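Undergrad:
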Amino acid sequence: QVQLVESGGGVVQPGTSLRLSCAASGFSFNTYAMHWVRQPPGKGLEWVAFIWSDGVHDYYGDSVKGRFTISRDNSKNIVYLQMNNLRAEDTAVYYCGGDPPQSGWALDIWGQGTTVTVSS
Amino acid sequence: QSVLTQPPSASGAPGQRVSISCSGSRSNIGRNTVNWYRQLPGTAPKLLLHKNDQRPSGVPDRFSGSKSGTSASLAISGLQSEDEADYYCSAWDGSLEAVVFGGGTKLTVL
Numbered sequence: 340q341v342q343l344v345e346s347g348g349g350v351v352q353p354g355t356s357l358r359l360s361c362a363a364s365g366f367s368f369n370t371y372a373m374h375w376v377r378q379p380p381g382k383g384l385e386w387v388a389f390i391w392s393d394g395v396h397d398y399y400g401d402s403v404k405g406r407f408t409i410s411r412d413n414s415k416n417i418v419y420l421q422m423n424n425l426r427a428e429d430t431a432v433y434y435c436g437g438d439p440p441q442s443g444w445a446l447d448i449w450g451q452g453t454t455v456t457v458s459s
Numbered sequence: 014q015s016v017l018t019q020p021p022s023a024s025g026a027p028g029q030r031v032s033i034s035c036s037g038s039r040s041n042i043g044r045n046t047v048n049w050y051r052q053l054p055g056t057a058p059k060l061l062l063h064k065n066d067q068r069p070s071g072v073p074d075r076f077s078g079s080k081s082g083t084s085a086s087l088a089i090s091g092l093q094s095e096d097e098a099d100y101y102c103s104a105w106d107g108s109l110e111a112v113v114f115g116g117g118t119k120l121t122v123l
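Protein sequences, first through last, are from chains A and B.
Residues in the first sequence are numbered from 340 upward in steps of one, following the working numbering.
Residues in the second sequence are numbered from 14 upward in steps of one, following the working numbering.
Pasting the structure below:
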């Protein structure tokens, strides 16, 4: 079935790095733009990054620009989020989302989320 | 502070109609379509409407959307207890080159 499964979350110290993965199945992954969206505890959704279906272009939210990198491997149906220089304010549940062609940036597939906690 | 502005809360009795607004600017709602998501407690968001008013397969026609200028709204008719959730609007912002979300509206069914 159509599915996104995130992994790689955990508890890390400020200033360290973490790489999240999101494995896709059940749909034409290489035609979908892919996004990462996060949700701090008790707060609303915050868009983090997205990458085109072919991986040529990527875009980032201001709060993560220069620290996070989104990438994808269409041969493995996986999208990654490399997070460097982590801060306490990066603590959140991180969701990956699939954005089909010509959807108007609508995420119609979501993973279950993976939790990142940045704490000393 | 979110780029898109939503009321933090809304409420209605079972069977009633409730509307949730989403206000933006020319660079986001003014020039691009709006999407709406519903998030039940402890679960991932789910797409409710895309391209302002289009319902994905499986979303009942109790949910409708509209857009005018730099604002959009989500309407839910025939309110049911299971509609209690957080609702978010989003759109592409061409100036920021980013997807922007509203702060979310918590809907309570009285």
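No residue lacks a Cβ here, since even glycine has one placed at the ideal position from N, Cα and C.
Here the structure is a predicted model, which means the values were calculated and not measured.
Would you say LEU53(B) lies against chain A (beta-carbon separation less than 7 Å)?
TA: No, no contact with chain A.
Undergrad: Considering just the uninterrupted stretch of the beta strand (DSSP E) at ASN48(B), what are its terminal residues?
TA: It spans 47–52 - the beta strand (DSSP E) in which ASN48(B) sits, taken as one unbroken run.
Undergrad: Could you pull out every residue in the same chain whose Cβ sits closer than 6 Å to the Cβ of ILE390(A), ignoring the five residues on either side in sequence?
TA: So the list reads MET373, ASP397, ILE409 and ARG411, once near-sequence residues are dropped.
Undergrad: Do you know offhand how far ILE89(B)'s Cα is from CYS435(A)'s?
TA: One C-alpha to the other measures close to 27 Å.
Undergrad: Could you please give the first and the last residue of the uninterrupted beta strand (DSSP E) stretch that includes ASP412(A)?
TA: Per DSSP, ASP412(A) belongs to the beta strand (DSSP E) from 407–412.
Undergrad: Applying a beta-carbon distance threshold of less than 8 Å, which residues of chain A neighbour GLY116(B)?
TA: Result: GLY383.
Undergrad: Residues of chain B with CB closer than 7 Å to the CB of LEU446(A), please, in chain order.
TA: Within chain B, the residues near LEU446(A) are LEU60.
Undergrad: Show which residues of chain B have a CB atom less than 7 Å away from the CB atom of TYR398(A).
TA: By Cβ distance, chain B contributes GLU110 and ALA111.
Undergrad: If you draw a straight line from the alpha carbon of ASN48(B) to that of ASN65(B), how long is it in whole angstroms?
TA: Their Cα atoms are separated by approximately 6 Å.
Undergrad: Nearest chain B C-beta to GLN340(A) closer than 7 Å, yes or no?
TA: No, its Cβ sits nowhere closer than 7 Å to a Cβ of chain B.
Undergrad: Do the stretch 24–33 of chain B and the stretch 446–454 of chain A touch if we need at least three Cβ pairs shorter than 8 Å?
TA: Verdict: no, contact absent.
Undergrad: With a Cβ-Cβ cutoff of 7 Å, do GLY82(B) and LEU62(B) count as a contact?
TA: Going by C-beta atoms, GLY82(B) is not nearer than 7 Å to LEU62(B).
Undergrad: Closer than 7 Å, CB to CB, is TRP49(B) near chain A or not?
TA: Cβ-Cβ to chain A under 7 Å: no for TRP49(B).
Undergrad: Where does PRO440(A) land, buried or exposed, given buried means 16+ other C-beta within 10 angstroms?
TA: The residue is exposed, with fewer than 16 neighbouring Cβ atoms inside 10 Å.
Undergrad: Would TYR371(A) pass as a contact of ALA388(A) if the rule is Cβ separation under 7 Å?
TA: It is not a contact, given that the beta carbons lie outside the stated cut-off.
Undergrad: Considering only the beta carbon of each residue, do LEU420(A) and TRP375(A) sit closer than 7 Å?
TA: Their beta carbons are under 7 Å apart, which means LEU420(A) touches TRP375(A) by this criterion.
Undergrad: According to DSSP, is PHE366(A) helix, strand or coil?
TA: It is coil, neither helix nor strand.
Undergrad: Taking the C-alpha atoms as reference points, what is the distance between ALA111(B) and SER402(A)?
TA: Spanning the two alpha carbons is a distance of roughly 11 Å.
Undergrad: Counting only Cβ pairs nearer than 9 Å, list the residues of chain A close to PRO73(B).
TA: In chain order: nothing, as chain A lies at least about 17 Å away.
Undergrad: Let me know if ASN369(A) comes out buried or exposed under the rule of 16 or more other beta-carbons within 10 Å of its beta-carbon.
TA: Answer is exposed; the Cβ neighbour count stays below 16.
Undergrad: Going by DSSP, what residue range makes up the beta strand (DSSP E) through ILE33(B)?
TA: Its beta strand (DSSP E) spans residues 31–36.
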